[in-house]
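Since the structure comes first, as structure tokens, the remarks are kept for the end.
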Amino acid sequence: MNALWSEARVKVSHRLAMHVQVEYFRLHNATPMVSFTFDDLAKSAATVGADILESYGARGTFYVSGGLVGSDTPNWTTGTADDVVSLHRRGHEVGCHTFSHRRACDLDEASLAAEIARNRAYFNSLNPSMAIETFAYPFGYGSYARKHLLKSEFRTCRSIVPGVNAGEVDPQFLRAMPLIDRQLSHDRIDRAFDEAEAGNGWLIFYGHDVAERPSLYGCTPHLMIYALEAAARRNIPTLTMAEAFQCARA
Ligand SMILES: [Zn+2]
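Last residue of the sequence shown: 312 in the working numbering, with the numbers rising by one and none dropped.
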């Protein structure tokens with residue numbers, strides 16, 4: 063019963079986080095934009111995924127939980143600390159999850175602050191020049207109660223609620239499309255880009271591993287290239303989350 067009650071509270075907090083903003087922000091980017099983000103440092107994303115992005119002259123944002131680095135999951139092999147540093151050196155953005163990958167909605171204010179501080183300290187120990195400016199909700203669960211803290215720590219927080227960000231958006235709950243073969247068709251990619259063009263929007267993709275035979279949460283190189291080709295054809299710049307937010311503020 064306790065577990066049920068706590069899951070019910072989680073869902074309410076997540077829905078509130080989705081619908082109630084703590085900040086009103088209007089996008090002012092000059093052109094539509096797209097960002098590719100990868101969560102949890104799958105080794106294949108840090109290698110194959112990053113290489114594909116770079117072959118298009120693009121960079122991505124990689125949301126990392128320091129506590130998971132180097133520990134494999136049933137779904138994929140996880141990258142190492144060297145992969146984190148290599149991504150940073152190659153110009154990709156390293157973004158913040160919670161250190162232990164616990165959901166923001168399960169943490170009180172002090173615990174979430176401690177998780178963020180620990181993750182920042184981890185990145186700082188790898189390379190002090192890493193600026194950690196953006197956050198992604200672990201497991202995609204937002205927390206209304208924690209949005210003020212997150213706003214004070216990061217420029218943006220990315221959810222996994224599908225949609226294209228346009229006009230007035232919630233920087234603490236940006237929408238994102240799954241870069242996941244099981245969930246995203248070529249047609250849906252085209253329509254998302256149509257929407258971004260029509261509304262001068264910011265299209266964000268999120269994924270995990272990048273492999274010929276991806277996990278249930280990952281994508282093939284083919285799907286990623288399809289999205290990058292669509293962006294190139296439409297002259298839509300591919301930017302990291304921090305870069306795109308900077309353009310949106312202009
Ligand atoms: Zn994650």
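Glycine included, C-beta positions come from ideal geometry on N, C-alpha and C. Note that the structure is a prediction, hence the values are computed from the model and not measured.
Q: Can you give me the Cβ contacts of residue 165 inside the same chain, cut-off strictly under 6 Å, excluding the 5 residues immediately before and after it?
A: Along the sequence shown, read from residue 1 onward, the residue named residue 165 stands at position 103. Hits under 6 Å: 200, 201 and 203.
Q. Nearest CA to the CA of residue 244: which residue from 231, 228 and 270?
A. In the sequence shown, the residue the question calls residue 244 occupies position 182. Taking only the C-alpha atoms, the option nearest residue 244 is 270.
Q | Residue from 295, 282, 181 and 82 whose Cα sits closest to the Cα of residue 241 | A | Taking the first residue of the sequence shown as 1, we reach residue 241 at position 179. Taking residue 241 as reference, the option from 295, 282, 181 and 82 with the minimal CA-CA separation is 282.
Q) At which residues does the alpha helix (DSSP H) containing residue 303 begin and terminate? A) For the purposes of this step, residue 303 is identified with residue 241 of the sequence shown, where counting begins at 1. Here the alpha helix (DSSP H) through residue 303 covers 303-311.
Q: Could you work out which residue in 126, 206 and 96 is closest to residue 226 when comparing CA atoms only?
A: The count along the sequence shown starts at 1 and reaches residue 226 at position 164. Of the listed residues, the one whose Cα sits closest to residue 226 is 96.
(Q) According to DSSP, simplified to helix, strand and coil, what is residue 313? (A) Look at the range of the chain in this structure, 63 to 312, and you will see that residue 313 is not part of it.
Q: Give me the Cβ distance between residue 105 and residue 138, rounded to the nearest whole Å; I'm assuming they're in contact under 8 Å.
A: Position 43 of the sequence shown, counted from the first residue, corresponds to residue 105. Position 76 of the sequence shown, counted from the first residue, corresponds to residue 138. Between residue 138 and residue 105 the Cβ distance is about 7 Å, and since that is below 8 Å, they are a contact.
Q: May I ask you to report which of helix, strand or coil DSSP gives residue 247?
A: Residue mapping note: residue 247 aligns to position 185 of the sequence shown, counting from 1. Correct three-state label for residue 247: coil.
Q: Have a look at the DSSP bridge pairing and note the partners of residue 38.
A: This structure gives no information on residue 38, because the portion of the chain shown stretches from 63 to 312.
Q: Taking residue 216 as part of the beta strand (DSSP E), name the residues at either end of that continuous run.
A: Indexing the sequence shown from 1 puts residue 216 at position 154. Note, residue 216: premise wrong, no beta strand (DSSP E); not H, not E.
(Q) Using only CA atoms, which one of 91, 187 and 212 lies nearest to residue 195? (A) Taking the sequence shown and counting its residues from 1, the one referred to as residue 195 is at position 133. Of 91, 187 and 212, the residue nearest in Cα terms is 212.
(Q) Counting only beta-carbon separations shorter than 7 Å, does residue 65 have a partner in chain D? (A) As a matter of chain content, chain D is missing from the structure shown, which is built from one protein chain.
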